[in-house]
Structure formats: C-alpha cells, structure tokens
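Numbering (mature numbering (1 follows the signal peptide of the UniProt record, and there is no 0)), first residue to last: -21 to -1, 1 to 200.
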C-alpha cells in the first residue's frame, strides 16, 4: 500500500511538472507574440524603448530563451537608425553589443539571425563616425552578413542588407551583385516568412523602400 501511494504521488508530481512547463511555455509565447506584434508597428524611438523594456522583462523571467535578448538588442540598434543624431546612440549600441555578445551562451540559437544583427549593429556603429569607423569596421559588416547568408540562404535580411551596404562603399570597392536583383530575390524570400511568428521577420518595409527606388530608376531611363 505504501509503495502504491509513493507511485501515485510521483505520478502526480510528474504530471504537475509537465503541465506547469506547458503553461510556462504558453505564457512565454503569448507575451512574446504580443510584444513582437507591437514592435512591428513601432516607428518611433519612444515606442522602440517601450518594446525594448518589455523584452527585457521577458528575458529576466525566461532566462533560457534567446529571442527576448535578441529583440532587446535589435530595439537599441533600430533606435539609432530612427534617430542617427541622438546624443545617446553610443550608449544604446554599447548595450546592444553586450546583449549580442551574450547570445552565444544560449542553446538552439539561430546563428544566421544573430550574425545578421551583428552586421546591422556594425553598420549602425559606423554611422556614428563614418570617417573613423568606416575604414575600421566595414569588413566586419560584410563578414557577418556573408556568414549569415552561408548559414541560411533563405534568410532575406543579410541578403539585401549586404547588397545595400556595398552600394554605399567607395566606387572602387563596390564589388558584388546588383542591388535591385538582390532586393527582388529577398522580396521573394520574405513571402515565405510568417509575420505572426515570434521569430525574426523584420526588414521588409526597408526593403520595399529601397525597391521603390529601383522601380523609379527604371522608369526614368
């Protein structure tokens, strides 16, 4: 009888733990889904700051999840692009770099997305002082984007961001594929992504802005 009670007790403990884990996962996904959806429509620095703070709260509660940390870093980097002349941009990028550097400790990370964000980070860092940082770090930008593409050829972000970055290099360094062709290729890849997912899917609006210039240049010929 005693043995039976122990077995029953263990069974309840295991079942409770399983249900609790499922509940925790559901709460995490729900919180991330809500915050990522808000991020998708955050077009100002204050809104990005709100989402960044929420991602930090999620990260502090779910310490084994890499996506909240990733998105927190992204919000800081994106804030620099939103307001490139802001006094606090160096601080934002320092914090983003610290978060990016800590992502390697997580399991099941998407290395292509992380390397893409590293490239995006260094591009923003160059913008703080192009004359000084450009010569030092343009190689890192190209290297991170190329590595991201090699890790996942279906990832549209490094594909078009690399092509765009190269068009802004000095003329003698602009070796690579045609920007408009790469934009079209990336556009097709974006169609396969789930915009309702918590996985990274940012960048399409910037791509469309660049692509509109391609259309305009063709019409003007």
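Glycine residues also receive a C-beta, built at the ideal position from the N, C-alpha and C atoms.
Distance from residue 72 to residue 123 at the Cβ level is roughly 15 Å; contact not present, criterion being Cβ atoms closer than 8 Å. Residue 68 places its beta carbon 8 Å or farther from that of residue 26. Scanning 109, 146 and 161 for the CA closest to the CA of residue 128 turns up 161. Two segments are said to touch when three or more pairs of C-beta atoms, one from each, lie closer than 8 Å; by this definition the stretch 71 to 87 touches the stretch 43 to 59. By alpha-carbon distance to residue 84, the top candidate from 45, 95, 65 and 64 is 45. For the set 141, 16 and 9, the Cα lying nearest the Cα of residue 175 is the one of 16.
Cβ contact annotation for residue 140 (same chain, cutoff 8 Å, sequence separation greater than five): 95, 98, 99, 102, 124 and 182, in chain order. In the structure shown, residue 76 adopts helical secondary structure according to DSSP, grouped into three states. Per the coordinates, the alpha-carbon of residue 180 lies some 11 Å from the alpha-carbon of residue 50.
In the three-state reduction of the DSSP assignment, residue 4 falls in the helix class, which pools H, G and I.
Shortest Cα-Cα distance from residue 31 to any of 187, 80, 48 and 20 involves 48.
DSSP places residue 23 outside both helix and strand once states are collapsed to three, so it counts as coil. The C-alpha of residue 59 lies about 23 Å from the C-alpha of residue 134. With a cutoff of 8 Å on beta-carbon distance, residue 146 and residue 138 are scored as not near each other.
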